[in-house]
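Engineer:
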Amino acid sequence: MCLLGADALSWVLRDPQQPLAWLWHLPLLSVLLHHHAPGPAAASSPLDHAQRAAAPLKRNFAAAFADRDAGVWRPPPLAARPRQGSPSGGGTTAAQSRALPLVRAGRLGAAARALTATPFAPRTPAVWENALALFPPARPGLATAPTLAAAFPAALTAAAEFGRAAGVPTALPRGAVDAAIRRAPRGSAPGPSGLRKEPLRALGEEEQASLGFVVRLRAGGVPVRRVPPLAAQTLAGAELLLLCKPGAADGDGLPRLRPIGRPEILRKLAAASLAGAVRTAASRLLSPLQMGVGVPNPCERVVHEDSATHAHDPSAALVQLDFRNAFNLVSLPAAAASVSRAFPVFCPYLESVYRGGAPPRVYGWVSDATPAGGAVGPLKRLWLGVERGVQQGDPLGPLLHAAATHLSVQRISEAHPAGVGRDVHDDEVVVTPHTDLLAVLQSAAAAGAAVDAELAPAKCAGWSPTGAAALAHWPARWHSDGVMQFSLPLGSDAFVAAAVDRLAATHGALTDAIAALPPSEVQSQLLLFRLYAGPQPNYWLRALSLVWGGRLAGYVDRAAQSSFRRLLTDARDPSPDVVALIARAAAPLTNGGLGIGGRSTLARAAAMASRVDCLRARPLYSPTLKAVAEFLFGADAVPTRTAPPPSHPSFSADMLAAFPGRYVARRPPHSASHPADLAAGPPALAASPSPVVAVAACLSVAGARSGAPHRPPPGPLAASNSPISCFPTRQSRPPGAAARF
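Using the numbering used here, read the sequence shown as starting at 1 and increasing by one per residue.
1. Pull up the DSSP beta-bridge partners for Asp423, would you.
2. What beta strand (DSSP E) runs, 3 residues minimum, are completely inside the region 433-494?
3. Could you name the residues of the same chain whose beta carbon sits closer than 6 Å to that of Ala117, not counting the 5 residues immediately before and after it, in chain order?
4. Consult DSSP for Val295 and reduce its assignment to one of helix, strand or coil.
5. Could you check which residue in Val547, Leu329 and Leu544 has the C-alpha nearest to that of Ala143?
6. Just how far apart, CA to CA, sit Arg226 and Ser443?
7. If you draw a straight line from the C-alpha of Gly549 to the C-alpha of Arg355, how long is it?
8. Would you be able to state if there are at least three C-beta pairs under 8 Å between the region 493-500 and the region 453-467?
9. By Cβ distance, which residues of its chain are closer than 7 Å to Leu517, with the 5 residues on each side in sequence left out?
10. Could you please give the first and the last residue of the uninterrupted alpha helix (DSSP H) stretch that includes Arg258?
11. If contacts are defined as beta-carbon pairs under 8 Å, then Gly194 and Ser30 qualify, I think. What distance do you get, rounded to the angstrom?
12. Using 10 angstroms around the beta-carbon of Glu264, count the other beta-carbons present and answer buried if the total reaches 16, otherwise exposed.
13. Hey, quick one: how far does the beta strand (DSSP E) through Gly549 stretch, first residue to last?
14. From what residue to what residue does the alpha helix (DSSP H) around Leu615 run?
15. When we look at the beta-carbon of Gly357 and count the other beta-carbons within 10 Å, is it buried (16 or more) or exposed?
16. By Cβ distance, which residues of its chain are closer than 6 Å to Ala515, with the 5 residues on each side in sequence left out?
17. Taking the alpha carbon of Asp15 as the reference point, which residue from Ala559, Leu217 and Thr124 has its own alpha carbon closest?
18. Tell me where the beta strand (DSSP E) around Gly592 begins and ends.
19. Check this for me: beta carbons of Ala317 and His416, under 8 Å apart or not?
20. Give the list of continuous alpha helix (DSSP H) stretches no shorter than 4 residues that lie fully inside the region 102-155.
21. For a test of the three-state rule: what should DSSP assign to Leu20, helix, strand or coil?
22. Helix, strand or coil: which one does DSSP assign to Ile514?
23. Should the region 231-238 be called in touch with the region 172-181, which here means at least 3 C-beta pairs below 8 Å?
24. For Leu750, does the three-state DSSP call read helix, strand or coil?
25. In or out: Trp463 buried (at least 16 other Cβ within 10 Å) or exposed?
26. Using 8 Å as the cut-off, can you tell me whether the region 185-205 makes contact with the region 99-107, which would need three or more C-beta pairs spanning the two stretches below that distance?
27. Please go through the same chain and pick out, in chain order, the residues whose beta-carbon is closer than 8 Å to the beta-carbon of Thr170, but skip the five residues on each side of it.
28. Note the first and the last residue of the continuous alpha helix (DSSP H) segment covering Arg415.
29. Cutting at 7 Å between CB atoms, please list the residues of its own chain near Leu744, excluding the five before and the five after it.
30. Hey, how far is the Cα of Gln320 from the Cα of Leu602?
31. Out of Gly167, Trp478 and Ile412, state which residue places its alpha-carbon closest to the alpha-carbon of Leu289.
32. Assuming Val500 contacts Leu541 (C-beta within less than 8 Å), just tell me the rounded distance between them.
33. Please classify Gly448: is it buried, with 16 or more other beta-carbons within 10 angstroms of its beta-carbon, or exposed?
34. What are the complete alpha helix (DSSP H) segments, minimum 4 residues, inside the region 326-351?
35. Should Asp570 go down as buried or exposed, given a rule of 16 or more other Cβ atoms within 10 Å for buried?
36. Quick one: grab the DSSP three-state call for Ser10.
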């Protein structure tokens with residue numbers, strides 16, 4: 001296999017103009033290495049390993065492809081599928097069958113999502129017709145290179161100047177290709193040919209070097225005109241995966257669809273190499289308006305900034321903008337116009353994949369086309385051309401989409417300088433005066449139309465923290481109790497409590513799904529329990545206010561510890577031993593534990609780290625956070641007397657007192673004299689202590705002066721229910737009490 005694989009890659013290097021050289025290596029490894037189709041689903045008896053290897057060598061490609069396609073190309077029809085097992089019956093469910101290989105590949109987050117993921121859309125003719133509507137053909141009046149140059153001259157000129165000054169290489173570096181091959185996730189789905197990354201990992205060192213050269217050729221190392229059109233079209237293809245969106249079905253009773261493309265592995269590696277090579281530079285080009293590319297923790301940062309902005313001006317309202325079918329409708333010429341000027345290294349890839357002689361194809365099939373009682377045979381492949389937008393699933397898709405929408409986000413920001421607009425891919429939020437909300441919607445519709453994006457007013461939403469009503473003739477939704485911003489609740493006590501309870505129930509379902517894995521998968525269960533609740537609850541613990549984060553952490557710990565107890569203990573175990581086992585499991589790995597549970601002890605540290613990260617990263621372009629940062633830096637710059645040692649948490653005073661040389665420092669008296677400007681605090685602090693400014697107003701941080709008095713905000717307090725606020729009144733700390741962090 002290694003010899004055949006090496007020969008196929010060497011052929012591409014020797015003669016890139018030969019289409020068979022590009023196409024031979026795609027089916028070769030999948031023909032030799034694939035799972036046999038289940039007996040009831042196979043159209044014919046599967047070939048054994050010797051016959052599988054002999055078929056291509058004897059040029060019996062029909063038998064080789066028929067044997068592979070029975071298990072790779074499509075699932076069997078419903079009538080031919082074996083009955084799904086149940087945990088109580090000792091079998092494995094479809095979700096468990098998808099999750100367990102991901103656990104073995106080390107992709108725990110993907111495995112946790114697979115256990116509770118929404119199902120795939122049924123492969124019926126009606127669903128396929130709905131999928132066709134998600135990929136509309138090109139039509140007259142769409143944006144073109146000349147219209148974009150006339151509509152956005154300043155933005156495109158700035159992109160070209162950035163490209164000359166950014167220092168991004170014009171040719172793809174070899175190190176970026178090697179890093180992309182090394183970081184390619186295990187267990188990822190194949191493209192149309194069925195080739196996965198695992199067979200490529202089996203190649204020897206010399207063959208791996210050849211693979212790197214082929215990926216560089218695919219990314220632009222060989223001129224586009226030298227790649228035969230047939231090979232270019234095949235390499236640009238993607239398998240179409242249709243997922244069901246959460247929520248109710250459409251009016252026709254069919255599920256709402258989320259199309260995901262699964263490109264060929266060579267296209268994936270080439271796109272991932274290009275994305276890695278420009279990620280840092282792209283974040284400088286697109287941020288702060290577009291935070292979805294190259295920015296760590298973008299949703300947390302946007303939530304914290306918006307919270308601080310609301311604390312500075314509680315009368316400001318928030319509007320969430322939503323564009324219909326955003327990835328599949330946004331202007332590809334707009335993306336190409338921006339990235340080709342800023343990153344010329346992208347040009348060959350864009351020409352070969354998106355702007356070739358024919359649009360890239362996505363492939364699918366209808367699996368219930370077999371007549372009742374008929375034999376299960378090979379089905380005709382279905383395909384459609386993608387003439388608009390960028391593909392979800394392409395590693396470069398998020399960057400291309402962000403580059404196109406960045407032009408419209410810039411226009412909205414210029415039209416409303418009093419607002420704060422931030423975009424994370426296709427989710428845009430604007431905090432602006434309440435009276436400007438209608439104008440923001442109108443500007444968003446006009447700016448989106450310039451890049452072929454269609455605003456969906458019925459899916460947009462507005463909210464005012466003060467409880468203000470919607471404006472007259474407001475066309476979008478209006479929430480009086482709160483909104484979900486980047487899946488995080490902002491709003492009243494009841495709204496946030498309900499959201500936390502819903503997430504706790506979701507966490508409980510995930511915990512039950514992990515506990516229901518087969519008894520032989522104890523190691524997989526322990527690894528998954530270390531996720532506590534999955535990526536989303538961990539994100540909530542960092543971004544929520546401390547009160548609600550503590551409540552969620554309690555839910556997470558109780559569920560994880562309860563499942564862990566059921567997994568490893570029973571009624572015969574002494575209660576003290578069980579308590580000791582759970583306590584030991586909650587300790588981190590470095591302390592001899594398993595890291596299962598104990599989330600409550602880390603919730604405050606995680607929230608503090610998230611807010612400090614926001615304060616360190618955002619003062620360059622956020623006026624509100626700049627005021628907070630200047631206040632903190634000014635506190636350190638004040639002439640100081642002999643400073644007390646840093647405070648330890650008050651709840652650990654008894655424990656620390658037992659160690660020599662360790663003591664708890666007390667806060668200086670409230671009457672300590674400080675400059676008036678620091679005592680008053682910046683505007684955001686004087687308005688309301690949001691979680692962002694809680695770093696200064698509510699917590700004592702090592703390296704910052706802890707003697708600044710905490711003054712109650714003038715005027716009406718912001719609700720203590722959302723990330724805009726800090727601790728409730730019942731948790732306020734007297735001025736002379738010890739630090740609580």
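For each residue, glycine too, the CB sits at the ideal point set by N, CA and C.
Structural biologist: Considering the structure as presented:
1. According to DSSP, which records beta bridges pairwise, Asp423 is partnered with Gln290 and Glu428.
2. Whole beta strand (DSSP E) segments, 3+ residues: 461-463, 477-479, 482-485 and 488-491.
3. In its chain, beyond the 5 residues on either side, no residue has a beta carbon closer than 6 Å to the beta carbon of Ala117.
4. Collapsing the DSSP output to three states places Val295 in coil.
5. Taking the Cα of Ala143 as reference, the smallest distance to any Cα among Val547, Leu329 and Leu544 is reached at Leu329.
6. One C-alpha to the other measures close to 44 Å.
7. Cα to Cα, the separation comes out at about 48 Å.
8. The region 453-467, when compared against the region 493-500, does not touch it at the 8 Å Cβ threshold.
9. Sequence-distant Cβ neighbours of Leu517 in its own chain, meaning closer than 7 Å and more than five residues away, are Gln96, Ser524 and Gln525.
10. Not the alpha helix (DSSP H): Arg258 falls in the beta strand (DSSP E), residues Leu257 to Pro263.
11. That pair is a contact at about 4 Å.
12. Taking all protein chains shown into account, Glu264 has 16 or more neighbouring C-beta atoms within 10 Å of its C-beta and is therefore buried.
13. Premise fails: Gly549 lies in the alpha helix (DSSP H), Leu546 to Leu568, not in any beta strand (DSSP E).
14. For Leu615, the uninterrupted alpha helix (DSSP H) segment begins and ends at Ser600 to Ala617.
15. Of the residues assessed, Gly357 falls on the exposed side of the cut-off, its CB having fewer than 16 other CB atoms within 10 angstroms.
16. Within the same chain, and ignoring the five residues on either side of Ala515 in sequence, the residues whose Cβ sits closer than 6 Å to its Cβ are Ser563.
17. Of the listed residues, the one whose Cα sits closest to Asp15 is Leu217.
18. Premise fails: Gly592 is in no beta strand (DSSP E) and is neither H nor E.
19. With respect to His416, Ala317 sits apart: the two C-beta atoms are not nearer than 8 Å.
20. DSSP runs (the alpha helix (DSSP H)) wholly in the region 102-155: 108-116, 125-133 and 145-151.
21. In the structure shown, Leu20 sits in a helix (DSSP, three-state: H, G or I).
22. In the structure shown, Ile514 adopts helical secondary structure according to DSSP, grouped into three states.
23. No contact exists between the region 231-238 and the region 172-181.
24. In this structure the chain extends from 1 to 741, so residue 750 is not present and cannot be described.
25. By the 10 Å Cβ count, Trp463 comes out buried.
26. The region 185-205, when compared against the region 99-107, does touch it at the 8 Å Cβ threshold.
27. Non-local beta-carbon contacts of Thr170 in its own chain, meaning distances under 8 Å to residues more than five positions away in sequence, involve Pro344 and Val345 in chain order.
28. Checking the displayed sequence, the identity of residue 415 turns out to be Ala instead of Arg. Under the DSSP assignment, Ala415 falls in the alpha helix (DSSP H) whose first and last residues are Gly397 to Ala415.
29. This structure does not reach residue 744, given that the chain is present from 1 up to 741, and the question cannot be answered.
30. Whole-angstrom Cα-Cα distance: 31 Å.
31. Just measuring C-alpha positions, the residue of Gly167, Trp478 and Ile412 sitting nearest Leu289 is Ile412.
32. Their Cβ separation, rounded to whole angstroms, is 11 Å, which puts Val500 and Leu541 out of contact at 8 Å.
33. Gly448 is buried by the Cβ-count criterion.
34. Whole alpha helix (DSSP H) segments, 4+ residues: 326-329 and 332-342.
35. Exposed: under 16 other Cβ atoms inside 10 Å.
36. In this structure, Ser10 counts as helix in the three-state DSSP scheme.
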